[in-house]
Amino acid sequence: QSNNKQSGYLSQIRTYKPAFSTPAASGGVAKKAYTKKTTIPPRACGSMVYGQYLYTVFSGCKYSKCTYKVDRVIAIKLTSMR
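Structure, rendered in structure tokens:
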């Protein structure tokens, strides 16, 4: 949720370039500021990378009842997210 007073979902994927040479205060890898923000439709829940694409399915659909099953999936070229 982007605001705890409103119902809603974040609809973006942020790409980070971690700082491996400078550890975070917790001792983990510091992610620093994001380098790219990709906006996607809301309610994206399952994502996977295959080849040069990120595929995302949406949670607001009953996949087995879809007339056109691929209309609930989007493909985003990975190079556009860098």
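The letter at position 19 of the sequence shown is residue 19 when you use my numbering, and the numbering goes up by one with no holes.
Beta carbons: idealized from backbone N, C-alpha and C, even for Gly.
Residue nearest to residue i in terms of C-alpha spacing, selected from the options
i	options	result
TYR16	ALA24, GLY27, TYR34, TYR50	TYR34
GLY51	ARG43, THR79, PRO42, THR39	THR79
MET81	PHE58, LYS65, PRO42, VAL49	VAL49
ALA14	ALA75, LYS36, GLY27, ARG72	The sequence given here has Arg at residue 14, not Ala. ARG14 has its Cα closest to that of LYS36, out of ALA75, LYS36, GLY27, ARG72.
THR38	ALA24, GLY28, SER26, THR56	THR56
TYR53	ILE74, GLY46, ALA24, SER26	ILE74
Own chain partners of residue i with C-beta closer than 8 angstroms, once the 5 adjacent residues on each side are dropped
i	result
LYS32	TYR16, LYS17, PRO18, ALA19
THR22	ALA30
Environment of residue i [buried if 16+ CB atoms lie within 10 Å]
i	result
SER44	Checking the sequence shown, residue 44 turns out to be Ala, not Ser. The residue in question, ALA44, is buried, as its Cβ has 16 or more Cβ neighbours within 10 Å.
Backbone secondary structure at residue i - three-state DSSP
i	result
LYS17	coil
SER11	coil
Cβ shell of residue i (< 6 angstroms), same chain only, five flanking positions each side left out
i	result
ALA24	ALA30
Own chain, CB closer than 7 angstroms to residue i, minus 5 neighbours either side, in chain order
i	result
LYS77	GLN52, TYR53
Practice item. Would you list, in sequence order, the uninterrupted beta strand (DSSP E) runs of no fewer than 3 residues that lie entirely inside the segment 19–43? Key: 19–23, 34–39
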